[in-house]
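Here is the structure we will look at.
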Amino acid sequence: MCGICGLACIDTGKRADASVIGRMNDAMVHRGPDDAGVWLGGHVALGMRRLSVLDILGGRQPMQNEDGSIVLVFNGEIYNFRELRTELESHGHVFRTQSDTEVIVHAYEQYGDAALLRLNGMFAFALYDHGRNRLLLARDRLGIKPLFFAFKNGALAFASELDALLRSGLIDGVLSPQALDAYFTFLYIPAPDTIFRDSQKLRPGEKLVLEKGRLTRERYWRVAFEPDRAWTLDSAAAAYRELLTDAVRLRRVSDVPLGAFLSGGVDSSSVVGVLSQLSAGPVKTFTIGFDDAHADELRFARIAAKAFGTDHTETLLEPDMTELAPTLVRHFGEPFADSSALPMWLVSKVARKSVTVALSGDGGDELLAGYTWAHMSHRVRRYQRAWPGSVRRAINAAVRATPRSPWTAKIRRFSADSFLAPHDVFRRRQTCFNAELRAQLMRPDIAKAVAAESIGRFEEHARAAGNVSDDDKMLYQDLVMYLPDDILTKVDRMSMANSLEARVPLLDHRIVEFAATVPFPLKFAGRTSKRLAKRAVKDLVPAALLAQRKRGFAIPIQRWFRKELRGHFKDVALAEDAYSGKFLERDAIRSLFDIHLARKEDYGHHLWALLMFEHWLRYAEAAGLSVSL
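The sequence shown maps to residues 8 to 636 in my numbering.
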């Protein structure tokens, strides 16, 4: 695992600035504290920071082929590198190391860009082909590893983190209106956008090529949802179990200590259960909690740990949020407000004391219908079938007349949802600030400039999903947007901030492609989510864990804003000199805060988004950017 960066000038007579590469590299020490490397090739320069996991002595980067005509910097892991190495050796390739990095170099020599489809792993890399004066950037199929880039004034810069890319000098601080709207809609910024007008994210399964002065980008892989009705629950469960076992087996390979996160949910328990079966000794597992709100989560994790005989570490924490918030902002490099980044940071910090690599259960909800939107859309359908529109309208009017509270707010939302189609319920549940709140929040000049097109992304992804059911379209949207741009962004930044490599077996591309062929009713039926996943591990995971209701990590964010974060929010987000005043109406922010304190509505996640935005603006100004729109 590493952090990579680089510069390339279209004008081959212009030299890439080595000092810029040095600054970009220095911004990613946390991603690779074990080693650093730079390659200077005139108009192209590549840099990397290394966290040594495989072939600790031989896997140094940048890595070149025998004659130095190909140079690579690589972040990630190629899990099938041994099989690929054997295949390439049969074609006459000679290897000097035992690393997976060298396999990419020789695979490119043998197959060109088609090598990308032979890689099973998580990766973002830059490969310079000196003979063709060609720079190839690529990101793995699911977007597990990040890659940012900027192209301006005849120069291309790229980096694993936006904070490092800022050091390139190609970003001037002008915000993207579309990204600003997306942030307040989703609490994250979907690819290809970043918060800055001058930079972009490479999409999952995408490559970018700089050749002959031209920059081109192309998707080399897309998941295709093609349900196969030949699957039965039992046959699909058997196939999933076999794929899961092999995915975990591949991700066990490491020359440094390895463990796993364990929440006690179906997915993390499945991963740990299989890992325990494959391991000679107890697996090191890690769980954290904040207070009594996590009693159930900790209890379920203990059940799993006992069943699998793990070496379990359970930690109760009382984080200082006033110190953590600015730290989180720097690692994301742009506004990001999924509050579950907090436990991800903290559990990574705890795990790093014992291991360098940790397996995670992320991805199962997106693949196998584990999220609450699936429950909610089916509840709405049952409600719509049970009651005619006239009755629902009368109920809705009565509900809206009740006094405001977080509890009645939930009832009002459900009542309003009862007039919507399932995909519209999904969209409402996927947004934080709705259009009305965004209009109140933004200053008139900003609202006029902002491209309020974020909801249109749902239509775009629904069309891309093809001729499938509404349920499969919603799963597809989760897989191609929410998963890479929220969940995997959080996992990568928070684990790497602590120099910990997180691996996600459930996102082995073979599992993803398999799941896309399984009809939705085998994944979710009645009130049972993740039917297939539960059937596949019924002999492995304790019954109490399979029977539990779906839980997110219950961060007490609502309470924090009424207690621990109350003063901090007032001092930062509501300060007279708050930077967000350039973009947002302070009275609207204060109104949301007051309503939350009065317990009339639950605006905890909205307030967290506002606090993170202000902290990010402070970070950007401290970095020397004059942020504007």
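Just so it is clear, CB atoms sit at the ideal spot from N, CA and C, and this is done for glycine as well. Model, not experiment: these values are computed from the prediction.
*Can you name the residues that DSSP bridges to residue 130?*
Looking at the DSSP assignment, residue 130 forms a beta bridge with 83.
*Taking the DSSP output, what are the residues bridged to residue 226?*
In DSSP, residue 226 forms a bridge with 213.
*May I ask you to report which of helix, strand or coil DSSP gives residue 567?*
It is helical.
_CB of residue 375 within 7 Å of CB of residue 540, strictly_ = Yes, Cβ-Cβ distance for residue 375 and residue 540 is below 7 Å.
*residue 35 by DSSP, collapsed to three states: which one?*
Note: residue 35 maps to coil in three-state DSSP.
*Range covered by the alpha helix (DSSP H) that runs through residue 291*: Careful: residue 291 lies outside any alpha helix (DSSP H), inside the beta strand (DSSP E) at 291-296.
*Taking the alpha carbon of residue 587 as the point to measure from, which residue in 32, 201, 270, 448 has its own alpha carbon closest?*
The candidate whose alpha carbon is nearest that of residue 587 is 448.
_Option in 393, 149, 185, 157 with minimal Cα separation from residue 12_ = Taking residue 12 as reference, the option from 393, 149, 185, 157 with the minimal CA-CA separation is 157.
*asked:* So for residue 135, helix, strand or coil by DSSP?
replied: Strand.
_Alpha carbon of residue 54 to alpha carbon of residue 149, nearest angstrom_ = Computed Cα separation, rounded: 24 Å.
*Name the DSSP beta bridge partners of residue 318, please?*
BP columns for residue 318 point to 291.
*asked:* Using CA atoms only, rank isn't needed, just tell me which of 58, 631, 387 is closest to residue 399.
replied: Comparing Cα positions, the closest option is 387.
_Can you find the residues in the same chain that come closer than 8 Å, C-beta to C-beta, to residue 597, ignoring five residues on each side of it along the sequence?_
Excluding residues within five positions, the ones whose Cβ falls inside 8 Å are 581.
*Looking at C-alpha atoms only, which residue of 269, 275, 502 is the closest neighbour of residue 321?*
The shortest C-alpha separation from residue 321 is found at 269.
*Under a Cβ-count criterion, where at least 16 other Cβ atoms within 10 Å of its own Cβ denotes burial, should residue 306 be classed as buried or exposed?*
By the 10 Å Cβ count, residue 306 comes out exposed.
_Closest residue to residue 279 among 120, 461, 549 (Cα-Cα distance)_ = For the residues 120, 461, 549, the minimum Cα distance to residue 279 belongs to 549.
*If you scan the segment 402-439 from start to end, which runs of the alpha helix (DSSP H) of 4 or more residues do you find wholly inside it?*
Whole alpha helix (DSSP H) segments, 4+ residues: 413-424, 429-436.
_Own chain partners of residue 501 with C-beta closer than 6 Å, once the 5 adjacent residues on each side are dropped_ = Same-chain partners within the cutoff: 348, 351, 352, 355.
*At least three beta-carbon pairs within less than 8 Å, the segment 306-317 to the segment 567-578*: Touching, no, given that fewer than three Cβ pairs across the two stretches are closer than 8 Å.
*Based on Cα-Cα distance, which residue from 107, 337, 187 lies nearest to residue 629?*
Nearest option by C-alpha distance: 337.
_residue 397 - DSSP class collapsed to helix/strand/coil_ = Under the three-state reduction of DSSP output, residue 397 falls in the helix class.
_Proximity winner among 109, 136, 128, relative to residue 120 (alpha-carbon distances)_ = If we check each option's Cα against that of residue 120, 136 comes out closest.
*Which residue from 537, 232, 521, 254 puts its Cα closest to that of residue 473?*
Among 537, 232, 521, 254, the Cα nearest to that of residue 473 is on 232.
*asked:* So, at 7 Å on beta carbons, what are the nonlocal neighbours of residue 507 in its own chain, with the 5 sequence-adjacent residues on each side left out?
replied: 355, 358, 359, 363, 365, listed in sequence order.
*Residues near residue 345 in its chain [Cβ-Cβ closer than 7 Å; skip 5 each side]*: Cβ-Cβ distances below 7 Å link residue 345 to 194, 195, 493, 497 in the same chain, with the five nearest sequence neighbours on each side left out; the list follows chain order.
*Just checking my contact of residue 182 with residue 206 at CB under 8 Å: how many whole Å lie between their CB atoms?*
Going by Cβ atoms, the distance from residue 182 to residue 206 rounds to 11 Å, so no, they are not a contact pair.
_Check whether the segment 598-617 and the segment 401-417 are in contact - that is, three or more C-beta pairs closer than 8 Å._
Contact holds between the segment 598-617 and the segment 401-417, because three or more Cβ pairs, one in each stretch, are under 8 Å apart.
*Who are residue 44's beta bridge partners in DSSP?*
Answer is 55.
*asked:* Looking at the strands, I want to know which residues DSSP matches up with residue 701.
replied: Coverage of the chain is limited to positions 8 through 636, which leaves residue 701 absent and any answer about it impossible.
*What does a CB cutoff of less than 8 Å around residue 532 pick up in its chain, not counting 5 residues either side in sequence?*
Once the five neighbours on either side are set aside, the close Cβ partners of residue 532 are 538.
*How many angstroms separate the CA atom of residue 475 from the CA atom of residue 228?*
Those two C-alpha atoms are separated by around 19 Å.
*Check the DSSP bridge columns for residue 207 and list the partner residues they point to.*
Per DSSP, 156, 200.
_Which listed residue (112, 81, 197) has its alpha carbon closest to that of residue 72_ = Among 112, 81, 197, the Cα nearest to that of residue 72 is on 112.
*7 Å Cβ cutoff met for residue 171 and residue 512*: For residue 171 and residue 512, no; Cβs fall outside 7 Å.
*Using a Cβ-Cβ distance under 7 Å, would residue 337 count as near chain C?*
Of the protein chains in the structure, only one exists, and it is not chain C.
*Sheet register partners of residue 508 (DSSP bridge)*: Looking at the DSSP output, residue 508 bridges to 364.
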